[in-house]
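All residue numbers for the sequence shown refer to numbering that gives the first Met the number 0, where the first residue is 0 and numbers rise by one.
Where is the CB? At the ideal position from N, CA and C, for every residue including glycine.
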Amino acid sequence: MASGLQGFLWTMLLLFCAIQELGAWAMHTSVEGPGLGQQEDPALLASGRVKRGWVWNQFFVVEEYTGTEPLYVGKIHSDSDEGDGSIKYTISGEGAGTIFLIDEITGDIHATERLDREQKTFYTLRAQARDRQTNQLLEPESEFIIKVQDINDSEPRFLEGPYIGSVAELSPVGTSVMQVMASDADDPTYGSSARVVYSVLEGEQHFTVDSKTGVIRTAVADLDRETQDRYEVVIRATDMAGQLGGLSGSTTVTIVVTDVNDNPPRFPQKMYQFSVVETAPVGTAIGRVKAEDSDIGENTDMTYQVKDEEGVEMFKVTTDSSTQEAVITVQKPLDYELKKVHTVVLEALNKFVDPRFLDLGTFRDQTIVRVSVLDVDEPPEFRPPSDLMEVQEDAHIGSVVGVVTALDPDTANRPVRYAIDRSTDAERIFDIDANTGAIVTGKVLDRETAGWHNITVLAMEADNHSQVSRASLRIRILDVNDNPPELATPYEAAVCEDAKPGQLIQTISVVDRDEPQSGHRFYFTLAPEATDNHHFSLLDIKVLILLILTLKRHHKSHLTSEDDEDMRDNVIKYNDEGGGEQDTEAYDMSALRSLYDFSEIKGGDGGGIAGEGGLSGNPASELHSLPQWVQSPDLDFSVFRDYICRKVEQADEDQSVPPYDSFQTYAFEGSDSPVPSLSSINTCSSSSEQDFSYLGGWGPRFRQLAALYAGRRGEEDTDAS
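If you want it as structure tokens, here you go:
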């Protein structure tokens with residue numbers, strides 16, 4: 000059938016060429032003239048003579064000729080040819096003498112080789128007519144073309160293969176996958192030899208192809224990667240627009256079905272069992288479980304979580320990013336004696352959920368994890384874990400400080416033995432009863448030497464001393480009043496012989512190594528051997544001790560600023576708790592540099608010494624009245640108030656120099672005082688008037704100081720004072 004069709008096609012082509020050749024012969028025949036290609040002579044035309052010449056047309060030769068004889072192409076002929084053989088025809092150019100041969104006498108041209116239009120579509124040659132005797136050109140050389148006639152001898156070919164495409168699973172029908180394209184080497188301008196159409200040879204159940212464009216699309220909506228992840232689709236391209244007799248070519252297209260998150264995680268088991276010793280430290284990995292997911296890639300990424308309250312408290316779960324396993328670790332110390340088995344509800348869920356597939360069901364799953372706690376021999380435990388005991392410093396040797404208790408968590412009533420780690424009590428200040436755990440004093444205690452002791456108590460099993468527990472214990476030594484007051488620093492005072500009565504000689508402070516809970520209350524008197532000396536008196540104001548010069552025969556006078564001495568006085572303040580070495584820090588109080596004239600104080604008319612003024616006519620009586628320092632309505636503090644106010648006013652009025660006074664306070668236990676300073680540095684106005692009523696809210700320790708500042712200034716600056 001195929002050979003008959005091929006013969007029919009060759010017959011049609013030869014007939015077509017013959018018709019073309021007859022047309023060429025008709026065009027070649029003309030009246031005889033002088034030669035080829037010459038212009039007609041008008042004079043000759045007028046006399047009735049017509050020029051004879053030839054006209055060249057395009058020759059055609061069918062490709063792929065398979066006959067045994069040379070294929071006739073065409074004929075060249077000159078109208079000057081009389082048929083006597085005197086003209087010789089020759090050709091030159093592409094293929095002349097090899098592919099194309101010409102009969103020198105008749106001018107017939109034949110093709111001697113099989114031509115292929117897909118390799119060369121036409122040939123350009125030149126024809127000559129020469130006198131055989133003289134070899135002279137009888138006609139001008141003329142150019143002509145032999146065109147190779149196309150036949151449908153090339154099938155479509157897919158030149159860009161292999162083709163690999165992809166499409167997501169569960170894609171809708173008609174989803175574009177990719178495009179294929181075939182090329183046909185035949186002449187697209189001649190017939191339908193190069194008109195290609197596409198069709199699916201294999202895989203048409205799942206995919207289609209557009210016959211004109213070659214675009215491949217899905218034919219179904221239920222592509223499931225988990226069922227089949229790739230398809231081999233055969234696409235065919237046919238020329239002649241798919242008509243009968245057309246040639247065709249095919250290619251195989253590999254279509255990969257990509258994954259979507261359409262499968263939830265699932266635990267292969269509904270229960271897992273693990274075991275761990277009770278002494279496992281926090282962070283110990285107990286085991287691993289994994290939920291399976293049929294998807295691939297990031298669609299299998301998991302997160303795990305503990306769903307029950309007990310599990311959340313005792314265990315922690317994390318995800319191994321490389322294996323997507325759940326790693327279960329200890330989050331809280333385990334205790335076999337309290338609970339032997341823990342049941343944990345573990346849930347797995349996809350990290351990246353595609354909202355398009357939520358209607359397929361929940362994308363999470365749960366399983367049960369049972370954790371068995373294994374018993375181990377543990378050392379005794381201190382119960383309750385108290386770490387502070389107290390004992391008075393005057394306790395006798397052997398006095399009980401306290402009792403520690405430890406129990407064996409493994410076996411009830413198992414005997415426990417106690418000891419003190421002597422590296423923490425090298426001086427053996429304390430002892431412990433090995434059976435009862437009672438801690439007693441082993442030496443005389445002294446709070447002033449060591450107020451705290453830190454020791455370590457050991458508890459061990461009676462039959463296995465390697466099982467040892469340790470507990471740190473702090474013992475505070477409580478103070479008793481067993482130390483007398485002491486001067487804060489050695490004092491040595493000096494005074495000029497012309498000193499005025501009332502001059503401040505020295506301030507004295509004392510410390511006490513004890514720390515009574517109610518605070519220190521000191522009372523000061525002159526020594527018995529000094530009571531007969533009427534030149535000096537002692538003024539007790541609790542914080543400060545003022546030794547005031549009260550010379551009997553000194554004339555009352557007022558010192559001007561030119562006669563003032565630059566006297567730097569030490570003011571020391573310590574807190575009620577002793578304060579330690581900080582109490583000895585001295586600060587310059589040169590704002591008190593102007594000597595105060597106590598001859599002007601109230602009561603100078605009748606209570607002074609020999610009528611010359613002073614605090615009292617009898618210093619000894621002052622010593623008996625002042626040490627107790629019990630506030631009563633009879634006390635008059637205007638002396639100190641006037642004194643301080645004058646100094647503040649002098650400092651405010653002198654703008655040329657900064658104040659010399661410095662006031663340092665120490666809060667309870669040596670901290671800074673929470674109350675503001677009373678220094679004149681804080682005085683901003685040109686007047687020294689300030690409101691000190693807030694001192695009344697500082698508590699009982701500042702009651703006397705508040706009384707000093709109470710009242711209005713100016714009303715008390717009288718001649719009597």
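Item	Value
If I follow the unbroken beta strand (DSSP E) through residue 389, where does it start and stop?	387-391
Of the choices 475, 192, 211, 188, whose alpha-carbon is the least far from that of residue 199?	211
Which one or two residues does DSSP pair with residue 459 in a beta bridge?	416, 467
Residue 298: buried (16+ other C-beta within 10 angstroms of its C-beta) or exposed?	buried
Could you check what DSSP says for residue 447 in three-state terms: helix, strand or coil?	coil
In whole angstroms, what separates the C-alpha of residue 143 from that of residue 121?	10 Å
Pick from 454, 363, 447: whose alpha carbon is nearest that of residue 511?	447
Which of helix, strand or coil does DSSP assign to residue 180?	coil
Per the DSSP calculation, residue 208 is bridged to which residue(s)?	215
By the DSSP assignment, the beta strand (DSSP E) with residue 199 in it spans what residues?	196-201
Using the Cβ count rule (16 or more neighbours within 10 Å means buried), how would you classify residue 440?	buried
Which value, in whole angstroms, describes the spacing of the CA atoms of residue 444 and residue 394?	7 Å
Quick one, which of 281, 412, 642 has its alpha-carbon nearest residue 334's?	281
Taking the alpha helix (DSSP H) that residue 309 falls in, what are its first and last residues?	308-313
Who are residue 349's beta bridge partners in DSSP?	301
In the DSSP assignment, find the beta strand (DSSP E) that holds residue 327 and state where it starts and stops.	325-329
Within 10 angstroms of its Cβ, does residue 646 collect 16 or more other Cβ (buried), or is it exposed?	buried
From the DSSP secondary-structure annotation, give me the bridge partner or partners of residue 452.	474
On the criterion of 16 or more Cβ atoms from any shown chain inside 10 Å, does residue 237 qualify as buried, or is it exposed?	buried
So residue 86 and residue 128 are in contact, right, with Cβ under 8 Å, and what is the actual spacing, rounded?	5 Å
Tell me whether the region 131-150 and the region 161-181 touch, counting them as touching only if at least three CB pairs, one residue from each stretch, are closer than 8 Å.	no
How long is the line joining the alpha carbons of residue 608 and residue 500, rounded to whole angstroms?	At residue 608, the pLDDT of 33 sits below 50, so the modelled position is not reliable; the number obtained from the coordinates is stated separately. Computed Cα separation, rounded: 10 Å.
Our contact map puts residue 360 next to residue 267 with C-beta atoms below 8 Å; I'd like the distance itself, whole angstroms only.	Contact doesn't hold; Cβ gap of about 18 Å is too wide.
Taking contact to mean 3 or more Cβ pairs, one atom from each stretch, closer than 8 Å, check whether the region 390-408 and the region 354-368 are in contact.	no
Return the chain-ordered list of same chain residues with a C-beta closer than 8 Å to the C-beta of residue 283, the five sequence neighbours on each side being excluded.	275, 328, 329
Just the Cα atoms here: how many angstroms apart are residue 698 and residue 519?	15 Å
Output the distance between the C-alpha atoms of residue 435 and residue 704, rounded to the nearest integer angstrom.	55 Å
CB residue 504 to CB residue 523, shorter than 9 Å?	no
Which one of 154, 427, 477 has the shortest CA to CA distance from residue 456?	427
Compare the beta carbon distance of residue 64 and residue 116 with 9 Å and say whether it is the shorter of the two.	no
Considering only their Cβ atoms, is the gap separating residue 319 from residue 294 smaller than 9 Å?	no
Can you check DSSP and say which residues form a bridge with residue 135?	Paired residues: none, contrary to the question.
Would you call the CB atoms of residue 301 and residue 347 closer than 9 Å?	yes
Starting from residue 273, follow the beta strand (DSSP E) in both directions and report where the run begins and ends.	270-276
Tell me the DSSP bridge mates of residue 365?	346
What span of residues does the beta strand (DSSP E) with residue 73 cover, start to end?	70-74
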